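Heads up: the sequence shown is residues 526 to 1085, going by the numbering used here.
Report on the structure given below.
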Amino acid sequence: MRKVWWKEAVAYQIYPRSFMDSNGDGVGDIPGIISRLDYLQELGIDVIWICPIYKSPNDDNGYDISDYQDIMDEFGTMEDFDRLLSGIHERGMKVIMDLVLNHTSDEHPWFIESRSSRDNPKRDYYIWRDGKDGGEPNNWESMFNGSAWEYDETTGQYFLHLYSRRQPDLNMENPQVRQELINMIRWWLDKGIDGFRVDAITHIKKLPGLPDMPNPHKLRYVDAMDGHRNVEGIHDFLQLFKREAFADYDIMTVGEASGAPISEADRWIGEENGAFNMIFQFEHVNLDFGPEGRWDFGPWEMAKLKGIMKKWQTGLEGIGWNALYLENHDQPRSVSRFGDPDNYPKESAKMLATFFMLMQGTPFIYQGQEIGMTNVVFKELTDYRDVEIYNFYRERLMDGKDVEETMRRIAYRARDNARTPMQWDDSLFGGFTTGVPWININPNYREINVKRQLQEADSVLNYYKALIRLRKENEALIYGRYDGWLDDHPEIFVYSRTFEGRAFLIVLNFYGNAPEFTVPPEFAGFKRDVVLSNYPDRPDRKQSSFTMRPYEAVVFRLER
Ligand code: NOJ
526 MRKVWWKEAV
536 AYQIYPRSFM
546 DSNGDGVGDI
556 PGIISRLDYL
566 QELGIDVIWI
576 CPIYKSPNDD
586 NGYDISDYQD
596 IMDEFGTMED
606 FDRLLSGIHE
616 RGMKVIMDLV
626 LNHTSDEHPW
636 FIESRSSRDN
646 PKRDYYIWRD
656 GKDGGEPNNW
666 ESMFNGSAWE
676 YDETTGQYFL
686 HLYSRRQPDL
696 NMENPQVRQE
706 LINMIRWWLD
716 KGIDGFRVDA
726 ITHIKKLPGL
736 PDMPNPHKLR
746 YVDAMDGHRN
756 VEGIHDFLQL
766 FKREAFADYD
776 IMTVGEASGA
786 PISEADRWIG
796 EENGAFNMIF
806 QFEHVNLDFG
816 PEGRWDFGPW
826 EMAKLKGIMK
836 KWQTGLEGIG
846 WNALYLENHD
856 QPRSVSRFGD
866 PDNYPKESAK
876 MLATFFMLMQ
886 GTPFIYQGQE
896 IGMTNVVFKE
906 LTDYRDVEIY
916 NFYRERLMDG
926 KDVEETMRRI
936 AYRARDNART
946 PMQWDDSLFG
956 GFTTGVPWIN
966 INPNYREINV
976 KRQLQEADSV
986 LNYYKALIRL
996 RKENEALIYG
1006 RYDGWLDDHP
1016 EIFVYSRTFE
1026 GRAFLIVLNF
1036 YGNAPEFTVP
1046 PEFAGFKRDV
1056 VLSNYPDRPD
1066 RKQSSFTMRP
1076 YEAVVFRLER
């Protein structure tokens, strides 16, 4: 396996709107990010991924781009961006930007032209169709609920939008569209950025003919998964972007690739053939979906979690590289999902950190995860900001569903859980802004904040630092082979990393009970040293069996 910088890096994701506000308008901005670069450097971060900061009317917080080559006014100017870029590079860090190829904003000049008349030269930049039987061209549902089609009066046709109605999908079949995107990508790379996280990339190819999806339950609209996710032919587009842009630069590329199967790993991320360096797969974060899908939730199963991690960890060995994550701006907070924020907030946050940070791959820490931020509980619908939530609410009520149950589902699944302001200190609004934040802060900021955790030796934050250090000092924790152990244990998650005669054993109690752990016989003959533990007393754990404490995490170094 090739050794390269992006495999050794630890990445940190910034959601700029909620990270740090420098001018008191309640919205995070680029100068705010600059003011926190030292913090990130001290944490041990190598690569920063910044969510979209391009010009945008903010229907989907920047994922609706109206100018790919300019900066959103609320976030600053291109000069601010240039200062950010050099500030990051001066500190020996790198930066990757979000690359949104699937759609633009409806305020993008291409779309404004496209919708102006049927024979406009840019008409075919987007996907326009006539209606069918007095309704939409097909039964596809948007990812944000409701129909994926919007009728446009001016020309009497519908346009396709897989996300919000203000995010029309680009027509990737049009070679001019592809060329425009390639030029834009090269423009940013020439500016000196270090790569991209590529948004919603499995959607860029649509099923030819845009057919109706089977609808056995007679729904109004059908999740069109098979119609527009990882459709045959997508790799031609991906390879084109690689050939015409990415391949000419020493960069890091990560595709957001919901639905990309591991069987296609070589084409997605193979060392030679892959379109990207890594992909974000979704299986482990989809684990708590209920029978009705994403907006329903149920208990997640340990056996399934083990199976998914093993599948990706061992399945990519020698083929490609994993992107490791538990959180991002689209996911609820991991402590609230997989840990116990009420009884073991610190222990479970640290255990989860140990779980994902020491696997094979490049770890991505989402802002606030390093201090164990939790889901927020908003009481009113109007406390939420996310367009997706309002669509979901409207569709549910249109279907006659109960308001209380709808609000319960929103509280659990809302993307806004991850979008509340970063909790820097215990001053009003957590030191995020001197104004009024665009979305309310989680009231627990007085207990959970950066300032306090910098001072407390056994804080989640200091634990993250220790983990990052441990990973950097041990190649086995970067390049080592992953093996999963105790597959049938209902509470304890165990894996090892081995590399050139060195090994680590990572033992994690995922629950609040006190299960008995026995070292797998394969490691019985090894000398074991505890190199990290999430309880401050750190017992030496010399016995081959011991009782684990709630959410305990132990990292052993093994030697023959
Ligand atoms: C995935 C992004 O992470 C999400 O925030 C966004 O809403 C959609 N793609 C659409 O761009």
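All residues carry an ideal CB built from backbone N, CA and C; glycine is no exception.
The model shown is predicted, which means the values in this text are computed figures rather than measured ones.
**Study point:** Three-state secondary structure assigned by DSSP to residue 1071
**Key:** In the sequence shown, counting from the first residue as 1, residue 1071 sits at position 546. Note: residue 1071 maps to strand in three-state DSSP.
Exercise for review: Could you check the C-alpha separation between residue 1077 and residue 876 for me, to the nearest Å?
Suggested key: Within the sequence shown, residue 1077 is the residue found at index 552, counting from 1. Within the sequence shown, residue 876 is the residue found at index 351, counting from 1. For residue 1077 and residue 876, the distance between alpha carbons rounds to 6 Å.
**Study point:** Exposed unless 16 or more other CB atoms sit within 10 angstroms - verdict on residue 647
**Key:** Here residue 647 refers to the residue found at position 122 of the sequence shown. Buried.
Exercise for review: Give the DSSP-derived three-state secondary structure of residue 536 in the structure shown.
Suggested key: The residue given as residue 536 occupies position 11 in the sequence shown. Strand.
Review point. Using the rule of at least 16 other Cβ atoms within 10 Å of the residue's Cβ for burial, across every protein chain shown, is residue 1012 buried or exposed?
Key: As a working note, residue 1012 is residue 487 in the sequence shown. Counting Cβ neighbours within 10 Å, residue 1012 comes out exposed, since fewer than 16 surround it.
Check your understanding: Within 7 Å: the Cβ of residue 724 and any heavy atom of ligand 1?
Key -> In the sequence shown, the residue the question calls residue 724 occupies position 199. Yes, Cβ of residue 724 sits closer than 7 Å to a heavy atom of ligand 1.
Point to revise | Cβ contact (3+ pairs, closer than 8 Å) linking the region 652-661 and the region 607-616 | key: no
Review point. Nearest CA to the CA of residue 888: which residue from 1062, 878 and 693?
Key: Residue 888 sits at position 363 when you count from the first residue of the sequence shown. The candidate whose alpha carbon is nearest that of residue 888 is 878.
Practice item. Report yes if the CB atom of residue 1037 is closer than 8 Å to the CB atom of residue 1075, and no otherwise. Key: Against the sequence shown, residue 1037 aligns to sequence position 512. Against the sequence shown, residue 1075 aligns to sequence position 550. Taking 8 Å as the Cβ cut-off, residue 1037 and residue 1075 qualify as a contacting pair.
**Study point:** beta-carbon residue 854 near ligand 1 non-hydrogen atom, thresh 7 Å
**Key:** The count along the sequence shown starts at 1 and reaches residue 854 at position 329. Indeed, a heavy atom of ligand 1 lies less than 7 Å from the Cβ.
Review point. Three or more beta-carbon pairs under 8 Å between the region 945-959 and the region 718-737, yes or no?
Key: no
Review point. Counting along the chain, where does the beta strand (DSSP E) carrying residue 778 start and finish?
Key: Here residue 778 refers to the residue found at position 253 when the sequence shown is read from its first residue. Looking at the DSSP string, the run of the beta strand (DSSP E) that includes residue 778 is 777-781.
**Study point:** Endpoints, alpha helix (DSSP H) assigned at residue 812
**Key:** Here the question's residue 812 lines up with position 287 in the sequence shown. That residue, residue 812, is in no alpha helix (DSSP H); it is neither H nor E in DSSP.
Review point. Would you say residue 773 touches ligand 1, meaning its beta carbon is less than 7 Å from a heavy atom?
Key: Position 248 of the sequence shown, counted from the start, is the residue given in the question as residue 773. Flag unset: Cβ of residue 773 not near ligand 1.
**Study point:** Residue from 856, 1034, 1028 and 673 with nearest C-alpha to residue 1008
**Key:** Reading the sequence shown from its first residue, position 483 is the one you call residue 1008. The residue with the shortest Cα to Cα distance from residue 1008 is 1028.
Review point. Does ligand 1 have even one heavy atom less than 7 Å from the beta-carbon of residue 950?
Key: Walking along the sequence shown from the start, residue 950 turns up at place 425. No, Cβ of residue 950 sits at least 7 Å from all heavy atoms of ligand 1.
Check your understanding: How is residue 912 classed by DSSP in three states: helix, strand or coil?
Key -> Along the sequence shown, one-based indexing puts residue 912 at 387. Here residue 912 sits in helix by DSSP.
Practice item. Given a cut-off of 8 Å, decide if residue 627 and residue 695 are closer than it, judged by their beta-carbon atoms. Key: Taking the first residue of the sequence shown as 1, we reach residue 695 at position 170. Taking the first residue of the sequence shown as 1, we reach residue 627 at position 102. In this structure, residue 627 lies closer than 8 Å to residue 695 by Cβ.
Review point. DSSP state of residue 798, grouped into three classes?
Key: As a working mapping, residue 798 is identified with position 273 in the sequence shown. It is coil, neither helix nor strand.
Check your understanding: When the Cα atoms are used, what is the spatial distance from residue 795 to residue 673?
Key -> For the purposes of this step, residue 795 is taken as residue 270 along the sequence shown, with counting starting at 1. For the purposes of this step, residue 673 is taken as residue 148 along the sequence shown, with counting starting at 1. Whole-angstrom Cα-Cα distance: 33 Å.
Check your understanding: Is the beta carbon of residue 603 sitting closer than 8 Å to the one on residue 587?
Key -> Position 78 of the sequence shown holds residue 603. Position 62 of the sequence shown holds residue 587. Against a cut-off of 8 Å, the Cβ pair of residue 587 and residue 603 comes out as no contact.
Review point. Is residue 708 helix, strand or coil by DSSP?
Key: One-based indexing of the sequence shown puts residue 708 at position 183. Helix, per DSSP.
Check your understanding: By Cβ distance below 7 Å, which residues in the same chain neighbour residue 547 in space, the five residues on each side in sequence not counted?
Key -> Locating residue 547 in the sequence shown gives position 22, counting from the first residue. Once the five neighbours on either side are set aside, the close Cβ partners of residue 547 are 554, 556, 557 and 560.
Point to revise | Beta-carbon proximity check, residue 640 vs residue 963, cutoff 8 Å | key: Here residue 640 refers to the residue found at position 115 when the sequence shown is read from its first residue. Here residue 963 refers to the residue found at position 438 when the sequence shown is read from its first residue. Result no, Cβ atoms of residue 640 and residue 963 do not sit closer than 8 Å.
Check your understanding: Is the region 805-825 in contact with the region 998-1007, if contact means three or more CB pairs nearer than 8 Å?
Key -> no
Practice item. May I have the straight-line CA-CA distance separating residue 1128 from residue 781, to the nearest angstrom? Key: This structure gives no information on residue 1128, because the portion of the chain shown stretches from 526 to 1085.
Review point. Which residues bound the beta strand (DSSP E) around residue 931?
Key: The sequence position of residue 931 within the sequence shown is 406, counting from 1. Looking at the DSSP string, residue 931 is not in any beta strand (DSSP E); the run it does join, the alpha helix (DSSP H), is 928-938.
Review point. Does any heavy atom of ligand 1 sit closer than 7 Å to the C-beta of residue 607?
Key: Here residue 607 refers to the residue found at position 82 when the sequence shown is read from its first residue. Checking the Cβ of residue 607 against ligand 1 gives no.
Point to revise | residue 540 vs residue 980 beta-carbon contact at 8 Å | key: Along the sequence shown, read from residue 1 onward, the residue named residue 540 stands at position 15. Along the sequence shown, read from residue 1 onward, the residue named residue 980 stands at position 455. Cβ atoms of residue 540 and residue 980: not closer than 8 Å.
Exercise for review: Assuming residue 1017 and residue 1033 form a contact by the criterion Cβ under 8 Å, report the distance between their Cβ atoms to the nearest whole angstrom.
Suggested key: Translated into the one-based positions of the sequence shown, residue 1017 becomes position 492. Translated into the one-based positions of the sequence shown, residue 1033 becomes position 508. Right, the Cβ-Cβ distance comes to about 7 Å (below 8 Å), so this counts as a contact.
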